[in-house]
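Residue numbers for the sequence shown follow this note's numbering, so the first one is 362 and each next one is one higher.
Using N, Cα and C, we set each Cβ at its ideal position, and we do this for glycine too.
Report on the structure given below.
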Amino acid sequence: MGDELKLVKYITEQVVTYIETPREERHHTEFKEPWSTKWFGMIPISLSLWRSNARSSREVSWEEQDPSLKEHVN
């Protein structure tokens with residue numbers, strides 16, 4: 362009998378809190394954290410930034426390769 366009363370009390374508390382919260386707050390969706398950040402922290406982000414920085418530093422513009430090409434473009 363005691364467990365049934367606890368269940369009824371819990372359900373009524375949940376219903377009351379649902380009714381008392383504004384509709385906008387109930388329908389508000391929160392941003393979900395990506396699983397890679399959740400499991401590994403900032404390591405995936407730092408690796409992706411490091412990789413993109415390494416890739417961009419390897420790319421050499423055509424002006425640096427051969428300065429005489431710049432004269433033909435202008």
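- If you check the CB distance, Ser-397 and Pro-405 come in under 7 Å.
- One Cα belongs to Glu-386, the other to Ser-409, and the distance between them is close to 35 Å.
- When secondary structure is reduced to three states using DSSP, Phe-392 falls in the coil class, being assigned neither helix nor strand.
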